[in-house]
Ligand code: NAP
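In my numbering, the protein residues as written are 1 to 316.
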C-alpha cells in the first residue's frame with residue numbers, strides 16, 4: 001500500500017494522531033532471513049558446501065567486535081559459513097599492507113563469496129586500501145568504485161547494506177517516494193550519499209545535509225521523508241519535523257551506556273507518522289540484507305564462471 005507523502009498509514013489499520021507507527025526491523029529481517037535460508041540450502045546442495053562470508057576486522061575496536069559477533073551469528077542462523085579475518089599490524093602502514101594482503105587472499109578463495117571490511121577503519125588506515133583491493137564481485141557492501149559507479153548511474157550493482165536497509169524502511173512505511181521531499185542528513189560514501197542517489201532514482205526531491213549545512217531545522221521541517229545518518233545523538237527533535245513525516249534513524253551512538261540513534265525518539269514520535277526505533281530499527285534489517293547480498297554475489301559468481309567457461313569452450 002502506498003499513500004501520499006506526509007500521510008504514512010499502518011498497513012491494515014490507521015495510525016492514531018500523535019502516535020507514529022514504529023517501523024521495527026526484526027519482522028522484515030526475519031522474512032529476508034527465511035528467504036535467504038532457502039537460497040543457502042539450494043546453493044549448498046548444488047555445490048557440496050555452504051556459501052562463505054568473510055568479515056575483515058582491522059584494529060579490533062569494541063564496536064567492530066560486537067558487530068562481528070552479530071554478523072557471524074546471523075550467518076550461522078541461515079547456514080552461511082561466516083569467518084573472521086583479523087588484520088594485525090602495529091602501525092597504519094603495516095595495517096594497510098596486511099589489509100591489502102588479506103583482501104587479496106579472500107578474493108582468490110573460491111569458498112569466500114563475499115567480503116566485508118568493518119568500518120570505521122583505525123586512524124591512519126585509508127579507506128582507499130579497501131577500495132583498491134576488493135574484488136567488485138565479492139564487494140557485498142558496495143564500496144568498490146565499480147559498484148558505487150553503477151549505483152550513481154542507476155544500474156544494478158552491490159549497494160551498501162545500511163543504505164539499502166534505510167531505503168527498505170522508507171518503502172515499508174508506506175509513504176509514496178515519487179514526488180516526495182526527502183532530506184538525508186549525512187553524506188558519507190557508505191550511508192548518506194548512496195541513499196540520496198537511491199531516493200532520487202525513485203523520484204523523490206532530495207536535499208543532502210551535512211555538518212556545514214545552514215538552517216538544518218528549516219530543511220528538515222520541509223521534508224516528507226527524513227533520514228538521519230550523522231552519528232550525533234539528539235540531532236533531530238520533534239519540533240523540527242513536519243507533521244506526518246516519515247523518520248528513518250540510521251545513527252548508532254552510545255550515551256551513558258545505552259544505544260541511541262540521532263533522533264530524539266520521544267519528541268519525534270509525537271509528530272511523525274512512522275519512525276524507526278534505535279536499537280531495533282535499521283540495524284537488524286542491515287544484517288539481514290547483507291546476507292541477501294551475499295547470496296546475490298554467490299549467484300553472480302556462478303554466472304560469471306559459466307560465462308567464462310562458455311567463452312573458453314567457444315574459443316577451443
Ligand atoms: P560518517 O562517515 O561519520 O558521516 C557522518 C555524516 O554526518 C557526515 O556527512 C557529516 O558531515 C554529517 N554530520 C555530522 N554532524 C552533523 C551535524 N551536526 N549536522 C548535520 N550533519 C552532520 O558516518 P556514517 O558511517 O555515515 O554513519 C552515520 C551513522 O550511522 C553513525 O551513527 C553510524 O554508527 C551509523 N551506522 C549505522 C548502521 C546501521 O546498521 N544502523 C550501519 C553503519 C553506520 P560532514 O560530511 O560535513 O562531516
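All C-beta atoms in this analysis are idealised placements derived from N, C-alpha and C, irrespective of residue type, glycine included.
Cβ atoms of residue j and residue i: under 8 Å apart, would you say?
i, j, result
"residue 44", "residue 162", "no"
"residue 92", "residue 57", "no"
"residue 183", "residue 207", "yes"
"residue 118", "residue 150", "no"
"residue 288", "residue 33", "yes"
"residue 52", "residue 81", "yes"
"residue 36", "residue 198", "no"
"residue 229", "residue 192", "yes"
"residue 220", "residue 246", "no"
"residue 238", "residue 262", "no"
"residue 40", "residue 79", "yes"
"residue 257", "residue 169", "no"
"residue 186", "residue 210", "yes"
"residue 226", "residue 251", "no"
"residue 265", "residue 172", "no"
"residue 174", "residue 122", "no"
How many whole angstroms separate the CB atoms of residue i and residue j, which I take to be in contact at a CB cut-off of 8 Å?
i, j, result
"residue 159", "residue 134", "Going by Cβ atoms, the distance from residue 159 to residue 134 rounds to 15 Å, so no, they are not a contact pair."
"residue 154", "residue 147", "Not quite, the Cβ-Cβ distance comes to about 13 Å (not below 8 Å), so this is no contact."
"residue 269", "residue 20", "4 Å"
"residue 140", "residue 297", "5 Å"
"residue 71", "residue 87", "Going by Cβ atoms, the distance from residue 71 to residue 87 rounds to 16 Å, so no, they are not a contact pair."
"residue 274", "residue 242", "Not a contact, Cβ separation roughly 13 Å."
"residue 291", "residue 74", "6 Å"
"residue 113", "residue 301", "6 Å"
On the CB-based measure, 16 or more other CB atoms within 10 Å of its CB, does residue i come out buried or exposed?
i, result
"residue 204", "buried"
"residue 1", "Reliability of the predicted coordinates at residue 1 is poor, the pLDDT of 46 falling under 50, and no value is obtained from them."
"residue 138", "buried"
"residue 65", "exposed"
"residue 244", "buried"
"residue 218", "exposed"
"residue 96", "buried"
"residue 224", "buried"
"residue 145", "exposed"
"residue 284", "buried"
"residue 249", "buried"
"residue 31", "exposed"
"residue 194", "buried"
"residue 180", "buried"
"residue 85", "buried"
"residue 49", "exposed"
"residue 38", "exposed"
"residue 46", "exposed"
"residue 12", "Because residue 12 sits at a pLDDT of 31, beneath the cut-off of 50, its placement in the model cannot be relied upon, and the following sentence gives the value as read from the coordinates. Under this definition residue 12 is an exposed residue."
"residue 271", "buried"
"residue 14", "In this predicted model, residue 14 has a pLDDT of only 45, less than 50, meaning its place in the structure is not dependable enough to derive any value."
"residue 316", "For residue 316, the predicted structure reports a pLDDT of 48, less than 50, and the residue's modelled location is therefore unreliable. A value from the coordinates is still provided. The residue in question, residue 316, is exposed, as its Cβ has fewer than 16 Cβ neighbours within 10 Å."
"residue 306", "exposed"
"residue 254", "exposed"
"residue 76", "exposed"
"residue 304", "exposed"
"residue 308", "exposed"
"residue 196", "buried"
"residue 18", "exposed"
"residue 94", "exposed"
"residue 8", "At residue 8 the pLDDT is 46, less than 50, meaning the model places this residue with poor confidence; the figure from the coordinates comes in the next sentence. Buried, since its Cβ has 16 or more Cβ neighbours within 10 Å."
"residue 101", "exposed"
Problem set entry | Ranges of the alpha helix (DSSP H) found wholly within the stretch 22-73, counting only runs of at least 4 | Correct list: 25-47.
For this session: For the stretch 234-308, list the beta strand (DSSP E) runs that are entirely contained and at least 3 residues long, ordered along the chain.
Result: 246-249, 253-255, 258-260, all fully within the stretch 234-308.
For this session: Tell me the start and end of each unbroken alpha helix (DSSP H) in the stretch 123-174 that is at least 4 residues and wholly inside, in chain order.
Result: Qualifying alpha helix (DSSP H) stretches, in chain order: 127-133, 145-153, 161-173.
For this session: Pick out the complete beta strand (DSSP E) segments inside the stretch 66-111, 3 residues or longer, and give them in chain order.
Result: As far as the stretch 66-111 is concerned, its whole beta strand (DSSP E) runs of at least 3 residues are 81-87.
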